[in-house]
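One structure below.
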Amino acid sequence: MKGLKISEEEAWVWASGFFLTEELPKGFTDWEEEKIDEYLINHVWEPFQAWDADYVWDQIENLAVSARVNFLWKAEEVK
């Protein structure tokens, strides 16, 4: 079925909304690591402010990968 794929970047942007006050913008994958860390720290949601940028990133990445794998797996069931 057409349109059932989600890119890694789209998954990260989506997942970032669970941890940040503003989602990562499209194109963030072209940023240097320092710029991503700065964005994470400047936009981290209050309950996660004690976390460092690496930990916030790990949580975003874990959710993005899990969601993408699950979504693609479910999409295969629909075929």
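The sequence shown maps to residues 30 to 108 in my numbering.
Glycine included, every Cβ here is placed at the ideal spot set by N, Cα and C.
Since the model is a prediction, treat every value here as computed from it, not as a measurement.
Give me whichever residues DSSP pairs with residue i in a beta bridge.
i	result
V73	L49
With residue i and residue j assumed to form a contact (beta carbons below 8 angstroms), what rounded beta-carbon distance in angstroms separates them?
i	j	result
D66	A82	4 angstroms
Indicate the three-state DSSP secondary structure (helix, strand or coil) for residue i in the structure shown.
i	result
A65	Correcting the residue identity first, residue 65 is Ile in this sequence and not Ala. I65 falls in the helix class under three-state DSSP.
A79	coil
W43	helix
E38	helix
W86	helix
Measure the CB-CB distance between residue i and residue j and report whether it falls below 9 angstroms.
i	j	result
A79	W43	no
* **Validate contact between the region 45 to 53 and the region 78 to 92 using beta carbons, cut 8 angstroms, 3 pairs** => Segment contact: the region 45 to 53 against the region 78 to 92, three or more CB-CB distances shorter than 8 angstroms; contact assigned.
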